[in-house]
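A short write-up of the structure that comes next.
There are 4 protein chains.
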Amino acid sequence: MHVCTTRVRYAETDQGGVAYHANYLNWFEVGRTDMLRTLGHPYARIERDLDILLTVTEAHLSYRSPALYDELLRIETRITEMRKVRFRVAARIVRAEDEGLLCDGSVWLASVTRDGRPIPLPESLAGVLSAELQSEEGKTGTEAVVTG
Amino acid sequence: MHVCTTRVRYAETDQGGVAYHANYLNWFEVGRTDMLRTLGHPYARIERDLDILLTVTEAHLSYRSPALYDELLRIETRITEMRKVRFRVAARIVRAEDEGLLCDGSVWLASVTRDGRPIPLPESLAGVLSAELQSEEGKTGTEAVVTG
Amino acid sequence: MHVCTTRVRYAETDQGGVAYHANYLNWFEVGRTDMLRTLGHPYARIERDLDILLTVTEAHLSYRSPALYDELLRIETRITEMRKVRFRVAARIVRAEDEGLLCDGSVWLASVTRDGRPIPLPESLAGVLSAELQSEEGKTGTEAVVTG
Amino acid sequence: MHVCTTRVRYAETDQGGVAYHANYLNWFEVGRTDMLRTLGHPYARIERDLDILLTVTEAHLSYRSPALYDELLRIETRITEMRKVRFRVAARIVRAEDEGLLCDGSVWLASVTRDGRPIPLPESLAGVLSAELQSEEGKTGTEAVVTG
């Protein structure tokens with residue numbers, strides 16, 4: 001599991017007095033970006049050097065409790081499934097102060113060319129993601145799911 | 149079903165050359181706002197006069213094809229389920245030019261007080277939403293789902 | 297002057313109960329996009345066919361009165377100055393209901409190559425913008441400012 | 445001068461391949477929030493305990509060089525002028541890697557009541573801001589500007 005933090009910006013609040021619900025997708029993405037950088041495969045370089053995009057094909061979010069302005073959030077990110085072309089990343093947004101769960105969910109990311117055609121994940125990237133998935137599964141006791 | 153339109157803004161694109169995926173939740177919300185205004189219950193008035201918030205508790209999105217800058221989008225919104233406290237709104241984002249489906253999904257909205265406690269949907273609002281749901285179900289041939 | 301409209305989205309409000317101030321730059325851009333499309337030079341095509349970007353180099357905004365959720369806004373856009381490489385676009389955001397001025401300001405846009413070097417505005421575009429500027433000045437009685 | 449950092453998010457890029465220009469106002473605000481928290485007057489508490497809002501009445505931005513995805517940005521914030529009701533905050537956004545200036549500008553903030561009427565800055569807050577302004581001016585050799 002990869003962990004990073006961010007704070008709720010004023011720009012991210014809405015007139016209900018809490019963080020607007022769409023921002024959680026941005027925070028999920030901040031977590032993925034940070035995870036990929038930590039794994040030695042910054043997404044900026046994936047786009048530029050491997051000439052692929054990782055595009056979101058599916059997203060699911062469960063909102064548990066609202067995030068408030070200026071609260072420090074912990075973003076927990078982990079890979080939970082892998083296929084040839086796509087993989088699933090689960091995320092949890094937690095209030096840092098008291099570890100209260102604010103939102104959890106996941107997105108499927110697919111490897112696509114610049115013109116949008118699905119393409120198998122580049123080997124170097126797939127290797128790193130699989131290692132991350134297996135280390136995760138070692139911890140949780142579930143079996144690896146790396147199918148075609 | 150309620151229909152309105154919007155255009156993809158430059159601010160909504162990302163460096164992948166398409167609309168950033170979180171914006172679809174904003175567009176879903178534009179559709180709901182427009183639907184509620186059309187039904188005679190503008191959300192601004194619901195917040196102010198009924199002193200409740202309708203908060204998103206769950207969201208699911210399937211991305212089918214990317215939306216591009218300046219494209220005209222058709223936002224289709226309909227109510228698909230109702231409970232005492234919450235209801236589900238399904239949305240489809242369609243490219244107006246050729247009716248291509250870009251994204252579909254749904255959100256659950258719950259009625260809560262200003263301090264976040266769940267509270268049954270106000271009767272006036274629940275009545276209008278149920279009527280909308282039943283008219284929708286009349287069209288599709290499925291049965292009404294208005295349970296506790 | 298070019299006029300279009302938009303509504304304040306819930307996503308655009310903040311916990312102060314009004315539209316967050318950065319959104320006005322987005323609305324200015326919605327106005328420019330609409331103006332260029334109306335002038336027969338959609339910005340999407342400028343980027344693609346002329347292979348230049350119009351990048352904002354300077355922005356100034358005066359906030360007069362807050363925009364509220366779901367209010368209909370009128371975006372007024374006009375060209376007020378032209379140089380070889382850049383031009384200035386003034387914008388006013390007006391509450392449609394009572395014509396109350398909410399915000400006015402302007403941005404300078406420069407023509408740049410994909411790698412960020414300034415480049416003279418393409419002739420076809422410069423011609424259309426100059427015509428628009430002169431028609432504007434005919435109305436206001438000020439003199440044309442098309443200098444190097 | 446107060447300094448904090450942030451990274452450019454994918455959500456903040458546009459199809460020009462750089463950070464969209466409106467985001468700099470968000471980053472200015474991140475800097476102000478961080479400065480007020482450091483000064484012992486978190487803005488969340490100002491809103492709640494003093495029951496005032498600090499609203500942006502004027503903004504000016506000069507864009508020098510584009511910020512790119514995942515770049516680490518240094519946000520420099522300092523108070524440069526004070527009046528009874530409002531004060532000016534200057535900001536600079538600098539690329540952390542090579543100290544390249546990306547954007548500088550300033551905003552005027554006014555103290556207003558919940559219903560938008562101007563009201564003198566609360567004494568406790570004004571005292572802290574003035575001290576910050578004077579320490580800043582001690583460094584730069586300019587004279588304090590604390591007028592009515």
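Chains as they are written, first to last, in my numbering: chain G, 1 to 148; chain H, 149 to 296; chain A, 297 to 444; chain W, 445 to 592. We put the beta carbon where it would ideally sit given N, CA and C, even for glycine.
First through last residue of the beta strand (DSSP E) which encompasses residue i
{"i": "Val242 of chain H", "result": "234-243"}
{"i": "Leu565 of chain W", "result": "Taken as a continuous stretch (DSSP letters only), Leu565 of chain W belongs to no beta strand (DSSP E), as it is neither H nor E."}
{"i": "Glu206 of chain H", "result": "201-211"}
{"i": "Leu398 of chain A", "result": "397-408"}
{"i": "Val462 of chain W", "result": "First-last for Val462 of chain W: undefined, no H or E at that position."}
{"i": "Arg78 of chain G", "result": "72-82"}
{"i": "Arg303 of chain A", "result": "298-303"}
8 Å CB neighbourhood of residue i in its chain, flanking five on each side removed
{"i": "His189 of chain H", "result": "Ser272, Leu273, Val276"}
{"i": "Asp14 of chain G", "result": "Tyr20"}
{"i": "Ile155 of chain H", "result": "Residue identity differs from the one stated: residue 155 of chain H is Arg in this sequence, not Ile. Only Asp218, Glu219, Leu220, Leu221 meet the Cβ criterion."}
First through last residue of the alpha helix (DSSP H) which encompasses residue i
{"i": "Arg37 of chain G", "result": "23-38"}
{"i": "Arg48 of chain G", "result": "43-49"}
Reference residue i, options the options, closest by Cα
{"i": "Glu245 of chain H", "options": "H:Ile194, H:Arg222, H:Glu160, H:Ala239", "result": "H:Arg222"}
{"i": "Ala91 of chain G", "options": "G:Trp27, G:Arg48, G:Pro66, G:Gly138", "result": "G:Trp27"}
{"i": "Pro362 of chain A", "options": "A:Pro418, A:Val314, A:Pro414", "result": "A:Val314"}
{"i": "Leu512 of chain W", "options": "W:Gly544, W:Ala554, W:Ser550", "result": "W:Gly544"}
{"i": "Asp548 of chain W", "options": "W:Val529, W:Gly475, W:Glu515", "result": "W:Gly475"}
{"i": "Glu219 of chain H", "options": "H:Glu177, H:Arg243, H:Glu285, H:Ser254", "result": "H:Arg243"}
{"i": "Arg360 of chain A", "options": "W:Asp495, W:Pro564, W:Gly560", "result": "W:Gly560"}
{"i": "Gly16 of chain G", "options": "H:Glu195, H:Arg236, H:Leu250", "result": "H:Glu195"}
{"i": "Arg382 of chain A", "options": "A:Ile389, A:Pro416, A:Ser402", "result": "A:Pro416"}
{"i": "Val556 of chain W", "options": "W:Leu494, W:Arg453, W:Thr477", "result": "W:Leu494"}
Same chain, Cβ closer than 7 Å to residue i, neighbours up to 5 away in sequence not counted
{"i": "Thr426 of chain W", "result": "Coverage of chain W is limited to positions 445 through 592, which leaves residue 426 of chain W absent and any answer about it impossible."}
{"i": "Arg9 of chain G", "result": "none"}
{"i": "Thr329 of chain A", "result": "Tyr339"}
{"i": "Lys139 of chain G", "result": "none"}
Cβ distance (whole Å) where residue i is taken to contact residue j below 8 Å
{"i": "Ala258 of chain H", "j": "Pro270 of chain H", "result": "With a Cβ gap of about 13 Å, Ala258 of chain H and Pro270 of chain H do not count as contacting."}
{"i": "Arg262 of chain H", "j": "Leu201 of chain H", "result": "7 Å"}
{"i": "Ala455 of chain W", "j": "Glu29 of chain G", "result": "6 Å"}
Close Cβ partners of residue i (< 6 Å) along its chain, the five nearest in sequence each way excluded
{"i": "Glu439 of chain A", "result": "Residue placement at Glu439 of chain A is poorly supported in this model, since its pLDDT is 45, which falls under 50; the coordinates are not used for a value here."}
{"i": "Met331 of chain A", "result": "His298, Thr373"}
{"i": "Ala532 of chain W", "result": "The residue asked about is misnamed: residue 532 of chain W is Arg in this sequence, not Ala. So the qualifying residues of the chain are Thr524, Glu525, Ser550, Trp552."}
{"i": "Gly585 of chain W", "result": "Since pLDDT at Gly585 of chain W reaches only 49, below the 50 mark, its modelled position is unreliable, and the value read off the structure follows with that caveat. So no residue of the chain qualifies."}
task = Examine the Cβ distances between the segment 421-433 of chain A and the segment 363-380 of chain A and report whether three or more of them are shorter than 8 Å.
result = Judged by pairs of C-beta atoms under 8 Å, the segment 421-433 of chain A touches the segment 363-380 of chain A, as three or more such pairs exist.
- Query: Are the segment 319-338 of chain A and the segment 161-170 of chain H touching by the rule of at least three beta carbon pairs closer than 8 Å?
  - Reply: No, the segment 319-338 of chain A is not in contact with the segment 161-170 of chain H.
Q.
Using a Cβ distance threshold of 8 Å, determine whether the segment 352-363 of chain A contacts the segment 446-453 of chain W, with at least three qualifying pairs required.
A. Three or more beta-carbon pairs separated by less than 8 Å are not found between the segment 352-363 of chain A and the segment 446-453 of chain W, which leaves the two stretches without contact.
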